[in-house]
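Notes to accompany the following structure.
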Amino acid sequence: MKGIPIGIDDFRDLKESNGYFVDKSLFIKEVIDDISKVKLITRPRRFGKTLNISMLRYFFEKTDEDLSCLFKDLKIWREGDTYTSQQGQYPVVNLSFKDVKDMTFDECFENIKHVIGREFRRHKYLLDCKDIDEFDKEMYTEIKNEKADKIRLKNSLYLLTSLLREYYKKDVIVLIDEYDTPINQGYICGYYEEIIDFMRNFLGGGLKGNPSLKTAVITGIYRVAKESIFSGFNNIEVSSILQNSFADKFGFTEKEVEDLLKYYNMYSEINDVKAWYNGYVFGDDTVIYNPWSILNFVKQKKLQPYWVNTSSNDIIRNIITRTGSNVKEKLQILMEGGKLKDITINTDTNFRQILYTNITSEDVLWSLLLVSGYLKMENMHLEKGRTKCDITIPDMEITVLFEDIISSWFRNREVSPDKVKELLSNLTDGDIEKFKEDFEYLVRKTFSYFDVGEDAAENFYHAFILGLLVNLDGKYRIKSNAESGDGRPDVIIIPNDPSKKGVVMEFKTAKSGQESVMEEKATDALEQISKMNYSDELKYSGVNEVVEIAIVFYRKKTYIKHNIKRI
51 MKGIPIGIDD FRDLKESNGY FVDKSLFIKE VIDDISKVKL ITRPRRFGKT LNISMLRYFF
111 EKTDEDLSCL FKDLKIWREG DTYTSQQGQY PVVNLSFKDV KDMTFDECFE NIKHVIGREF
171 RRHKYLLDCK DIDEFDKEMY TEIKNEKADK IRLKNSLYLL TSLLREYYKK DVIVLIDEYD
231 TPINQGYICG YYEEIIDFMR NFLGGGLKGN PSLKTAVITG IYRVAKESIF SGFNNIEVSS
291 ILQNSFADKF GFTEKEVEDL LKYYNMYSEI NDVKAWYNGY VFGDDTVIYN PWSILNFVKQ
351 KKLQPYWVNT SSNDIIRNII TRTGSNVKEK LQILMEGGKL KDITINTDTN FRQILYTNIT
411 SEDVLWSLLL VSGYLKMENM HLEKGRTKCD ITIPDMEITV LFEDIISSWF RNREVSPDKV
471 KELLSNLTDG DIEKFKEDFE YLVRKTFSYF DVGEDAAENF YHAFILGLLV NLDGKYRIKS
531 NAESGDGRPD VIIIPNDPSK KGVVMEFKTA KSGQESVMEE KATDALEQIS KMNYSDELKY
591 SGVNEVVEIA IVFYRKKTYI KHNIKRI
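When the letters of the sequence shown are read in order and numbered with our numbering, they come out as residues 51 to 617.
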């Protein structure tokens, strides 16, 4: 029985290790058939991008070794001479930026120098070419030895493709994996403008109008907005999860999953596998399973979350805390298994807009969650030229991960899960004095991880509370901004057991940290709960006792007032 190839992203290693291989070799055919010069393919993390790029390299690259043996048992070899004749025929530039995750631009630039220098060293035979002039030779040597400055490194892709074209007398194939990893890191760590400037010139100089280029295939999670990085590219074809192109080439199709489970004598688990890991639709109607999770499930034989996507969480967290107040309510709908309808989706990610404007557009958040793999699209259609769809959380795995991500925003070493559960128990039991003490401690420890300025919006704190309430473990139903009485309380906590206390919560932000100002706000909030009959929802659910609680925030400071009464 073949081994389960978890973590193997080199195509040759996988084939020669006799690991189980889901045949995606028709990806090669689709690349050949697509006449666009530059192909940008965006997919969520761990959906096989690196393995597919590696497969392209071993198929196309001209080497001294005959590597056709890697493909003769695959689907591509049955497609005829039009395709098989191209195996091993082209010079290839192969770059991967997937590990460029540095805290400063200087560190990032050094890492990029290493990535590019390594590829130059792989082609060091070019220095022996008699036709190379002294200037190019000097520049090549500097890049190879990782001594080049920014200007030369920006021009390095053009130089390498030109010399390869001259040496082989054939146009060059360029493969770039995870091009956006350093850009995402630049956004998170504060050097976005510097890395965008570098990548725009590096990619533009090497790919735009390059006479040595046969084709380029670039992969990433996001399509960084055209005005940011792909300005002036008239020869680029973008394949996101919205397009039909390459739809079944990343991730596992339903038949591929069924075949894999049958091979490992686990087909009886198919219904559970569908519930946990089958959540995606790529293009119009291609059903896709998360490959990383499927392989780990087959190996571990446990239904649990395996997919870990950490790189985009900081970006998403940043946007959630800056978007409009409706977002908190809609996030709760999604986490409770609901659907958001007619959402506008834009797969261009304009980090500059996010950074420098007081962004309130929910579309940015939903689009990022969708392309990152946290949401599933349904009923995709065009409306006045804009892509619209319904969105849901795709499956059990992502539901658990989504809750964990939100919860993790306020976890740190000094705030243990047990401490959080104790705090929530004090809240629902009505021990508000103990709740106050623990909550104030939690806020102080947690908000040191956030930039909580004087203009922090109420929805920032609301998102924090919702993340906290995820830990109530199914014994309560949480409603956020739902109608109750004559208005919409911020949060209602409804016990499944009506003999337990229910909770109504109202949040306010203060313009000052003075106790008198915060106390007045809290008093107003409690009066609002009473005057607007916010406890009606609890009364109709059979609950007899309610904890009414007002929480006022000023930066990292809180003020809490409460009532406990029978209803």
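Where is the CB? At the ideal position from N, CA and C, for every residue including glycine.
Endpoints, the alpha helix (DSSP H) within which residue i is located
| i | result |
| --- | --- |
| C239 | T231 to C239 |
| F110 | K99 to F110 |
| T496 | I482 to T496 |
| L249 | According to the sequence as given, residue 249 is Met; it is not Leu. Element bounds for M249: Y242 to L257. |
| V337 | Element bounds for V337: not the alpha helix (DSSP H) but the beta strand (DSSP E), T336 to Y339. |
| E66 | F61 to E66 |
| L419 | E412 to S422 |
| V81 | L76 to D83 |
Rounded straight-line distance, which links the Cα of residue j to that of residue i
| i | j | result |
| --- | --- | --- |
| D60 | E160 | 25 Å |
| I271 | L432 | 23 Å |
| A506 | F603 | Bear in mind that the predicted position of A506 carries a pLDDT of just 49, short of 50, making it too unreliable to give a figure here. |
| F489 | L473 | 7 Å |
| E487 | K529 | 25 Å |
| M249 | S417 | 23 Å |
| T154 | G236 | 8 Å |
| F109 | L415 | 38 Å |
| V597 | K615 | 7 Å |
| I617 | K589 | 6 Å |
| E129 | V377 | 49 Å |
| I268 | T191 | 26 Å |
| R463 | V493 | Because R463 sits at a pLDDT of 47, beneath the cut-off of 50, its placement in the model cannot be relied upon, and the point is left open. |
| I193 | G69 | 37 Å |
| E196 | H164 | 6 Å |
| E447 | P355 | 5 Å |
| C179 | Y217 | 7 Å |
| L101 | P55 | 11 Å |
| S475 | F485 | 9 Å |
| N144 | I383 | 43 Å |
| D152 | C158 | 5 Å |
| L381 | I162 | 37 Å |
| N294 | K52 | 32 Å |
| N613 | E570 | 15 Å |
| D230 | F147 | 8 Å |
| Y317 | L311 | 5 Å |
| D468 | R605 | 25 Å |
| I126 | L117 | 14 Å |
| Y499 | H512 | With a pLDDT of 41 at Y499, under the threshold of 50, the modelled position of this residue cannot be trusted, and the question is left open. |
| N408 | Y133 | Its pLDDT being 47, under 50, N408 is placed unreliably by the model, and nothing is read from it. |
Residue i CB to nearest heavy atom of the ligand GDP below 8 Å
| i | result |
| --- | --- |
| R172 | The ligand content of the structure shown is nil, which means the ligand GDP is not present either. |
For residue i, the first and last residue of its enclosing beta strand (DSSP E)
| i | result |
| --- | --- |
| N613 | K607 to R616 |
| G329 | N328 to F332 |
| M555 | G552 to T559 |
| S566 | Here S566 belongs to no beta strand (DSSP E); instead the alpha helix (DSSP H) covers E565 to K581. |
| E287 | I286 to S289 |
| H173 | Careful: H173 lies outside any beta strand (DSSP E) and carries neither H nor E. |
| L90 | V88 to T92 |
| L263 | L263 to G270 |
| E228 | No beta strand (DSSP E) holds E228; DSSP gives it neither H nor E. |
| Y604 | E595 to Y604 |
9 Å Cβ cutoff, residue i in contact with chain B
| i | result |
| --- | --- |
| T449 | The structure shown has no chain B; it contains just one protein chain. |
Of the listed residues the options, nearest to residue i (C-alpha basis)
| i | options | result |
| --- | --- | --- |
| V421 | R273, L210, V267 and Y218 | R273 |
| G301 | L474, F71, V143 and V450 | F71 |
| K551 | V88, I543 and Y356 | I543 |
| K389 | T442, L90 and N346 | T442 |
| T573 | K611, A560 and V554 | K611 |
| S206 | E169, K305 and K264 | E169 |
| I223 | G563, C239 and S212 | S212 |
| I246 | D84, L576 and S281 | S281 |
| I251 | Y424, I279 and N294 | Before going on, a small fix: residue 251 reads as Asn here, not Ile. The option with the nearest alpha carbon to N251 is I279. |
| I515 | V554, K426, L225 and G435 | V554 |
| F296 | D84, Y526, D398 and I54 | D84 |
| P141 | L225, I126, L101 and T132 | L225 |
| D392 | C439, Y424 and N346 | C439 |
| K79 | G480, R215, Q137 and W342 | Q137 |
| H173 | Q578, R215 and A560 | R215 |
| V593 | K99, R527, Y609 and G254 | R527 |
| L176 | L210, I286 and T397 | L210 |
| I103 | S86, L76 and S566 | L76 |
Rounded distance between the beta-carbons of residue j and residue i, thought under 8 Å
| i | j | result |
| --- | --- | --- |
| W326 | D445 | 6 Å |
| I395 | L292 | 7 Å |
| D536 | M582 | 5 Å |
| L120 | D73 | Actually they are not in contact, since the Cβ atoms of L120 and D73 sit about 12 Å apart, beyond 8 Å. |
Length-filtered (3 minimum) beta strand (DSSP E) runs lying within the segment 510-536: 526-530
Which parts of the segment 149-213 are runs of the alpha helix (DSSP H), unbroken and 4 residues or longer, counting only runs that do not cross its ends? Runs of the alpha helix (DSSP H) inside the segment 149-213: 155-172, 184-194 and 200-204.
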